[in-house]
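Notes follow once the structure below has been shown.
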Amino acid sequence: MMMNILLINGPNLNLLGTREPEIYGNKTLSDIEKDLTKVAKEKSINLECFQSNHEGEIVDKIQESVKSIQGILINAGAFTHTSISIRDALIGAKIPFVELHISNIFSREDFRKESFLTDKAIGIISGFGISSYSLALEGIIGYLSSKD
């Protein structure tokens, strides 16, 4: 059976490539998704990509994924620091997830150092730029493969 992984990107990540390139780099979200989908396909993994600036849409997507997704990669953006509803959706879904961030959230403003997701994630990748996405993918694949 092919492994299905969901990549969720939260608010403002649709602006990658133009938003604060000194922090987030020059690649667009579309570039990242294409690159990551290619890597996943080479590993016989189906990667579904989803982005929303709306908290409820992210919650809905997580809830809809319960029967079809084996693992989640989530860059919740600013919702990392504010969203109990996304946290609760991830807990309720019982789907293993990796929290990821392009920048090192622990070396930035104090309000960014608090995450509502970290203690429930199987792991966190933070601060490796765009490579955080491929590192998170490798991490979830390794985790899920070890559970077989």
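Take the sequence shown: its letter number 49 is residue 49 in the UniProt record's numbering, and every next letter is one higher.
Beta carbons: idealized from backbone N, C-alpha and C, even for Gly.
Looking at the DSSP output, His101 sits in a beta bridge with Ser126. Counting along the chain, the unbroken beta strand (DSSP E) around Glu48 starts and ends at 45-51. In terms of CA proximity to Leu16, Ser30 leads the group Ile91, Met3, Ile124, Ser30.
Of the residues Gly71, Phe128, Ala78, Ser131, the one whose Cα lies closest to the Cα of Ile91 is Gly71.
Counted as a single uninterrupted DSSP element, the stretch harbouring Ile95 is not any alpha helix (DSSP H), since DSSP gives it neither H nor E. The C-alpha of Asp60 lies about 17 Å from the C-alpha of Pro96. In chain order, Leu29, Gln51, Asn53 place their CB closer than 8 Å to the CB of Asn14, counting only its own chain and leaving out the 5 sequence neighbours on each side. Here Ile32 has Leu16, Ile130, Tyr133 as same chain residues with Cβ atoms under 8 Å from its own Cβ, once five neighbours each way along the sequence are excluded.
Taking each of Ser115, Leu144, Ile5 in turn and checking the Cα distance to Val66, the smallest one comes out for Ile5.
When only Cα atoms are considered, Ala40 and Ala136 end up about 12 Å apart. Taking C-beta atoms under 8 Å as the contact rule, Leu117 and Thr80 qualify, at a distance of about 6 Å.
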